[in-house]
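If you number the sequence shown the way my numbering does, the last residue is 482 and the count never jumps.
Before any comments, here is the structure.
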Amino acid sequence: MNITRLKQAEADFLARYPGGFADPGLAPIRKKHNVGKLTEFAQANLRRSDFNRPAHIADTLVRIISRSSMVSLFEKPRFRDFIRALNSREKEHLAFALEKRLYGRNKREGFEEILGMLSHHGIAKWPVISAVPYYFAPTREAFVKPTTAKGIIAFLEVDGLAYKPTPSWAFYSAYRKLLGQVKKEVHPSLSSDYAALSGFLMSSL
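Spelled out as structure tokens, the structure:
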């Protein structure tokens with residue numbers, strides 16, 4: 278990772294917005310993305326005890342994806358139609374996989390089970406598969422937007438990490454690790470959560 282580039286980007290961003298992401302100049306961006314409210318909704322409706330109600334989990338996923346400013350307008354109705362097409366057993370499978378993804382020791386297994394279901398219906402896209410975990414735990418989980426991820430990797434000149442359009446746990450883990458390394462290097466006001474950190478980097482490209 279090119280630390281010199283990162284530090285220059287940090288200096289430039291803080292020169293424009295001295296308060297980091299809490300700066301008044303970024304209020305319209307904060308309002309547009311509304312991460313706080315979506316995180317509250319995700320955490321209130323994806324409690325461990327909620328997973329014995331698969332229909333509730335399915336409805337919650339549609340609500341989160343539909344309200345997300347970071348998921349494209351093209352992907353939202355396709356995801357909604359995917360959920361509507363699931364029978365009760367498939368909703369149980371999806372809820373079980375998501376519980377593993379959010380709460381299990383083997384989060385990779387949950388990721389890959391969800392990926393399998395989305396792939397079967399042709400909607401295995403990075404924003405869709407990464408949005409819900411991100412809103413549920415924005416300081417631990419990364420949101421992967423293709424253009425942003427590619428741009429950040431290129432900007433920071435990261436060796437051994439190449440963006441792939443097909444979602445995989447290997448790339449997700451490596452990308453999240455990269456963001457974790459960046460977080461340690463920059464001012465806390467730029468890294469309140471991983472999407473804010475990515476936004477700071479993307480604004481520097």
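Where a beta carbon is used, it is the ideal one built from N, C-alpha and C, also for glycine.
Check: Pro-305 versus Met-278 - alpha carbon distance; Outcome: 31 Å
Check: Leu-456 and Tyr-440 closer than 7 Å at C-beta; Outcome: no
Check: CA-to-CA distance, Thr-281 to Arg-366, given in whole angstroms; Outcome: 52 Å
Check: For Gly-428, the nearest candidate out of Thr-443, Gly-476, Gly-387, His-398 (CA to CA); Outcome: Gly-476
Check: Helix, strand or coil at Asp-336 according to DSSP, with G and I counted as helix; Outcome: helix
Check: Of the residues Thr-443, Tyr-452, Pro-415, the one placed nearest Lys-314, counting alpha carbons only; Outcome: Pro-415
Check: Nearest-angstrom Cα separation, counted from Glu-287 out to Ala-299; Outcome: 15 Å
Check: Buried versus exposed call for Phe-351 [16 or more other C-beta atoms within 10 Å across all chains shown]; Outcome: exposed
Check: Stretch-stretch touch, CB-based, cutoff 8 Å, three pairs: the region 393-413 with the region 347-361; Outcome: yes
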